[in-house]
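Enquirer:
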């Protein structure tokens with residue numbers, strides 16, 4: 001796509017330096033029980049332990065810290081249904097600048113509370129993209145704030161890539177990296193970082209089969225912006241932008257789709273064997289690994305999975321029935 | 337108490353060497369959000385990430401590895417409603433010897449499955465102490481196996497103490513250590529280890545108010561073996577032995593009791609702010625810290641909490657209503 005800025009590995013490496021004083025170097029976990037289930041070593045990059053509970057703080061921090069002082073002073077704004085909201089709020093609070101977030105009224109309570117806890121002003125709107133964009137335009141007009149898009153933003157994409165840069169430092173033996181895909185900021189950053197370290201690393205995106213716009217966009221070679229339905233993975237309902245589609249296409253990223261049942265099962269395995277609280281969107285990448293493992297279609301070698309976030313309403317956990325995976329035991333290795 | 341073997345700090349240090357090749361050095365987590373809630377640094381020793389999902393593997397391994405070859409070959413046995421069962425099964429499997437575990441028929445399914453996954457023979461019985469002891473006696477008679485008591489056993493107590501030995505290496509600034517108390521193996525080992533490192537460290541035991549036999553035993557100066565009622569903390573229903581009571585009394589261990597509501601709230605905070613899956617029994621120690629923090633009765637300085645286990649049925653999590661603690665955010669430090 002002509003004229004669009006596509007970040008590269010140098011941008012990811014610069015982002016890692018820029019955000020080092022703000023973000024956590026999250027640990028990597030591995031479970032002997034999960035290795036046995038999948039049939040090979042699986043390493044989980046724990047971005048649910050990142051500040052704010054999601055990888056989003058990496059990209060938000062990189063974008064906010066990159067602003068010149070005069071622009072920053074006017075504040076930042078975004079529309080977001082979830083983790084970008086809290087992340088941007090925290091990144092703005094850390095720089096001491098105001099922040100406005102436009103959220104749909106049906107966003108998870110836990111994500112709204114976290115955004116407000118970081119001092120941002122939450123502006124509620126109807127849960128449609130048109131309403132979000134209209135209200136955000138109004139906020140930008142009224143406040144003079146600069147928009148930090150959740151994913152269609154080079155500094156955000158580069159920031160998200162730093163999770164994979166760290167993962168590959170912590171576990172250099174990883175030969176494939178699997179991340180969930182929504183707007184493509186995390187997956188795009190993942191692909192840039194992984195291929196910047198080693199072009200032979202396989203990069204896989206995972207999405208719910210009901211919201212498979214990334215798969216269809218890559219197959220069609222153009223943006224497909226309609227979903228078929230919805231998903232328990234409420235963080236994965238956005239669609240690619242021209243920019244993120246171009247990155248994923250450039251990097252030959254493969255997309256694996258998973259069912260709602262597979263997402264819940266994968267989430268249960270992460271809870272039971274890793275003892276980690278993750279949100280359904282974070283379980284999607286691991287669900288793709290389990291699916292590929294069962295079908296014998298996993299790429300060769302050790303697998304890295306980005307556990308993207310952990311902000312889930314405890315009152316709405318989907319574990320009201322047996323999950324079908326028995327005999328899992330705890331045996332967790334932690335790599336700092 | 338005359339004639340009873342009370343382990344000391346040298347036994348804990350020897351246990352640490354003996355089990356080093358088998359147990360995990362579990363990480364220690366700290367949350368800025370929880371520090372703010374309690375009013376000081378709180379460090380969580382992650383024994384829910386220990387092999388088998390609980391600290392119990394430390395004591396079981398120490399006891400099993402201490403057996404001479406001929407005794408070991410006949411196998412080991414115990415009665416246990418939960419984590420000791422799986423831990424002993426795993427310790428026996430690691431040494432390649434048989435294991436029998438007598439469990440009440442109403443033990444949590446997740447703990448029974450874990451025990452069987454490690455290859456132990458599970459013998460179910462009525463959920464009374466008399467039935468457990470009778471069936472165990474039968475198993476010992478029939479098999480020639482040696483009993484490894486869940487807590488009334490010097491090598492088990494010494495093994496449990498290694499968690500605190502590690503914690504104090506990882507975070508030397510800790511001035512008080514809080515552990516849940518059931519039969520007193522963990523709390524006894526904790527007291528021996530903490531005071532072996534520094535006699536000025538305050539050791540606190542936590543138990544549900546409905547099963548406060550440890551508090552009453554220490555107050556009375558003799559074993560009180562009746563509970564008033566029951567608790568969601570199903571791992572804390574055992575009572576002290578003469579041996580563990582003697583250790584707790586020797587070490588001036590203070591007992592804090594907490595309500596069922598406080599246990600569930602503490603469990604929710606661990607899930608929300610630390611993103612860790614722990615069982616209700618593990619939340620009891622943190623509940624005591626929150627309670628003491630609110631009442632201004634916390635001992636001075638940084639606090640260490642033993643997160644004792646994470647084996648909870650996902651279908652039975654007690655989060656069907658709001659927990660009342662809002663505005664928690666994720667900001668986790670990991671100390672390996």
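Residue numbers (the working numbering), protein chains in the order written: chain L, 1 to 336; chain F, 337 to 672. All residues carry an ideal CB built from backbone N, CA and C; glycine is no exception.
(1) Examine chain L for any beta-carbon lying closer than 9 Å to the beta-carbon of residue 366 of chain F, and answer yes or no.
(2) Compute the distance between the beta-carbons of residue 396 of chain F and residue 356 of chain F, then report whether it is under 9 Å.
(3) Terminal residues of the continuous beta strand (DSSP E) containing residue 611 of chain F?
(4) Since residue 336 of chain L meets chain F, which of its residues come closer than 7 Å, beta carbon to beta carbon?
(5) What did DSSP end up calling residue 367 of chain F once you bin it into helix, strand or coil?
(6) Run through chain B and tell me which residues come within less than 7 Å of residue 36 of chain L, C-beta to C-beta.
(7) Is residue 299 of chain L near residue 259 of chain L, with beta carbons less than 9 Å apart?
(8) DSSP three-state call for residue 337 of chain F: helix, strand or coil?
(9) Buried or exposed for residue 631 of chain F, going by 16 or more other Cβ atoms inside 10 Å?
(10) Is residue 347 of chain F closer than 9 Å to residue 530 of chain F when the C-beta atoms are compared?
(11) Output the distance between the C-alpha atoms of residue 5 of chain L and residue 244 of chain L, rounded to the nearest integer angstrom.
(12) If you count every other CB in all the chains shown that lies within 10 Å of the CB of residue 377 of chain F, and 16 or more means buried, which is it?
(13) DSSP state of residue 64 of chain L, grouped into three classes?
(14) For residue 471 of chain F, I'd like the list of residues in its chain whose CB is within less than 8 Å of its CB, leaving aside the five on either flank, ordered along the chain.
(15) Going by C-alpha distance, which of L:246, L:233, L:224 and L:222 is nearest residue 185 of chain L?
(16) Between residue 454 of chain F and chain L, is the shortest Cβ-Cβ distance under 9 Å, so that the two count as touching?
(17) Pull up the DSSP beta-bridge partners for residue 176 of chain L, would you.
(18) Do residue 307 of chain L and residue 45 of chain L have their C-beta atoms within less than 9 Å of each other?
(19) Should residue 169 of chain L be labelled buried (16 or more other beta-carbon atoms within 10 Å of its own) or exposed?
(20) With distances taken Cα to Cα, identify the nearest neighbour of residue 654 of chain F among F:601, F:626 and F:623.
(21) Measuring alpha carbon to alpha carbon, tell me which of F:479, F:456, F:483 and F:525 ends up nearest residue 469 of chain F.
(22) Measure the alpha-carbon distance for residue 511 of chain F versus residue 588 of chain F and round it to whole angstroms.
(23) Apart from the five residues on each side of it in sequence, which residues of its chain come closer than 6 Å, Cβ to Cβ, to residue 623 of chain F?
(24) Any idea which residues DSSP pairs residue 48 of chain L with across the strands?
(25) Taking 9 Å as the cut-off, decide whether the C-beta atoms of residue 500 of chain F and residue 481 of chain F are in contact.
(26) Closest Cβ-Cβ distance between residue 84 of chain L and chain F: below 9 Å?
(27) Would the beta-carbon of residue 576 of chain F fall within 9 Å of that of residue 517 of chain F?
(28) For residue 18 of chain L versus residue 65 of chain L, is the C-beta distance shorter than 9 Å?
(29) By DSSP, does residue 664 of chain F sit in helix, in strand, or in coil?
(30) Check whether the Cβ atoms of residue 525 of chain F and residue 495 of chain F lie closer than 9 Å to each other.
(31) Given a limit of 8 Å on CB to CB distance, which residues of the segment 86-112 of chain L reach chain F?
(32) DSSP state of residue 598 of chain F, grouped into three classes?
(33) Under the three-state reduction of DSSP, which class applies to residue 590 of chain F: helix, strand or coil?
(34) Can the beta-carbon of residue 519 of chain F be found closer than 9 Å to that of residue 487 of chain F?
(35) Return helix, strand or coil for residue 124 of chain L, following the three-state DSSP convention.
(36) Which residue comes first and which comes last in the alpha helix (DSSP H) that contains residue 492 of chain F?
Expert: Short version:
(1) The residue given as residue 366 of chain F occupies position 30 in the second chain. For residue 366 of chain F, the answer is no, since every Cβ of chain L falls outside 9 Å of its Cβ.
(2) Locating residue 396 of chain F in the second chain gives position 60, counting from the first residue. Locating residue 356 of chain F in the second chain gives position 20, counting from the first residue. No, the pair does not count as a contact, with Cβ atoms beyond the cut-off.
(3) Mapped onto the second chain, residue 611 of chain F falls at position 275. No beta strand (DSSP E) holds residue 611 of chain F; DSSP gives it neither H nor E.
(4) On the first chain, residue 336 of chain L is found 336 positions in, with the first residue counted as 1. Simply 670 and 672.
(5) As a position in the second chain, residue 367 of chain F is number 31, starting the count at 1. In this structure, residue 367 of chain F counts as strand in the three-state DSSP scheme.
(6) In summary, chain B is missing from the structure at hand, where the protein chains are L and F.
(7) Translated into positions along the first chain, residue 299 of chain L becomes position 299. Translated into positions along the first chain, residue 259 of chain L becomes position 259. No, Cβ-Cβ distance for residue 299 of chain L and residue 259 of chain L is not below 9 Å.
(8) Start at 1 with the first residue of the second chain, and residue 337 of chain F comes out as number 1. Note that residue 337 of chain F has pLDDT 48, beneath the 50 cutoff, so the model's placement of it is unreliable and the number below is only indicative. In the structure shown, residue 337 of chain F sits in coil (DSSP, three-state: anything other than H, G, I, E or B).
(9) Along the second chain, one-based indexing puts residue 631 of chain F at 295. Burial call: exposed.
(10) As a position in the second chain, residue 530 of chain F is number 194, starting the count at 1. As a position in the second chain, residue 347 of chain F is number 11, starting the count at 1. Not closer than 9 Å, so no.
(11) Along the first chain, read from residue 1 onward, the residue named residue 5 of chain L stands at position 5. Along the first chain, read from residue 1 onward, the residue named residue 244 of chain L stands at position 244. Spanning the two alpha carbons is a distance of roughly 10 Å.
(12) Here residue 377 of chain F is taken as the residue at index 41 of the second chain, counted from 1. The residue is buried, with at least 16 neighbouring Cβ atoms inside 10 Å.
(13) Counted from its first residue, the first chain places residue 64 of chain L at position 64. Helix at residue 64 of chain L.
(14) Locating residue 471 of chain F in the second chain gives position 135, where the first residue counts as 1. If we look at residue 471 of chain F and ignore the five residues flanking it on each side, its Cβ neighbours are 415, 438, 459 and 461.
(15) Here residue 185 of chain L corresponds to residue number 185 of the first chain, with the count starting at 1. Looking at the Cα atoms, L:246 is the closest of the given residues.
(16) As a working note, residue 454 of chain F is residue 118 in the second chain. Yes, residue 454 of chain F counts as interfacial toward chain L.
(17) For this step, residue 176 of chain L is matched to residue 176 along the first chain. Answer is L:202 and L:303, bridged to residue 176 of chain L.
(18) In the first chain, the residue the question calls residue 307 of chain L occupies position 307. In the first chain, the residue the question calls residue 45 of chain L occupies position 45. Cβ atoms of residue 307 of chain L and residue 45 of chain L: closer than 9 Å.
(19) Taking the first chain and counting its residues from 1, the one referred to as residue 169 of chain L is at position 169. So residue 169 of chain L ends up on the exposed side.
(20) One-based indexing of the second chain puts residue 654 of chain F at position 318. Comparing Cα-Cα distances from residue 654 of chain F to each of F:601, F:626 and F:623, the minimum goes to F:601.
(21) Numbered from 1 along the second chain, position 133 holds the residue referred to as residue 469 of chain F. Checking every option, the nearest Cα to that of residue 469 of chain F belongs to F:483.
(22) In the second chain, residue 511 of chain F corresponds to position 175, counting from 1. In the second chain, residue 588 of chain F corresponds to position 252, counting from 1. Distance between the alpha carbons of residue 511 of chain F and residue 588 of chain F is about 15 Å.
(23) Position 287 of the second chain, counted from the first residue, corresponds to residue 623 of chain F. The answer, listed in chain order, is 594, 598, 599 and 602.
(24) Locating residue 48 of chain L in the first chain gives position 48, counting from the first residue. DSSP, once it has assigned bridges, lists no residue as partnering residue 48 of chain L.
(25) The residue labelled residue 500 of chain F in the question sits at position 164 within the second chain. The residue labelled residue 481 of chain F in the question sits at position 145 within the second chain. No, the pair does not count as a contact, with Cβ atoms beyond the cut-off.
(26) Sequence index remark: in the first chain, residue 84 of chain L carries index 84 (1-based). No, its Cβ sits nowhere closer than 9 Å to a Cβ of chain F.
(27) Counted from its first residue, the second chain places residue 576 of chain F at position 240. Counted from its first residue, the second chain places residue 517 of chain F at position 181. Against a cut-off of 9 Å, the Cβ pair of residue 517 of chain F and residue 576 of chain F comes out as a contact.
(28) Residue numbering aside, residue 18 of chain L sits at position 18 when the first chain is read from its first letter. Residue numbering aside, residue 65 of chain L sits at position 65 when the first chain is read from its first letter. Yes, the Cβ-Cβ distance between residue 18 of chain L and residue 65 of chain L is below 9 Å.
(29) Looking up residue 664 of chain F in the second chain gives position 328. Of the three classes helix, strand and coil, the one that applies to residue 664 of chain F here is coil, per DSSP.
(30) Position 189 of the second chain, counted from the start, is the residue given in the question as residue 525 of chain F. Position 159 of the second chain, counted from the start, is the residue given in the question as residue 495 of chain F. Cβ distance < 9 Å, so residue 525 of chain F and residue 495 of chain F count as in contact.
(31) 86, 90 and 110
(32) To locate residue 598 of chain F, count along the second chain from 1; it is residue 262. Helix at residue 598 of chain F.
(33) Locating residue 590 of chain F in the second chain gives position 254, counting from the first residue. Three-state DSSP puts residue 590 of chain F in a strand.
(34) Counting from 1 along the second chain, the entry for residue 519 of chain F is found at position 183. Counting from 1 along the second chain, the entry for residue 487 of chain F is found at position 151. Their beta carbons are under 9 Å apart, which means residue 519 of chain F touches residue 487 of chain F by this criterion.
(35) Taking the first chain and counting its residues from 1, the one referred to as residue 124 of chain L is at position 124. Strand.
(36) Position 156 of the second chain, counting from 1, holds the residue named residue 492 of chain F. It spans 490-506 - the alpha helix (DSSP H) in which residue 492 of chain F sits, taken as one unbroken run.
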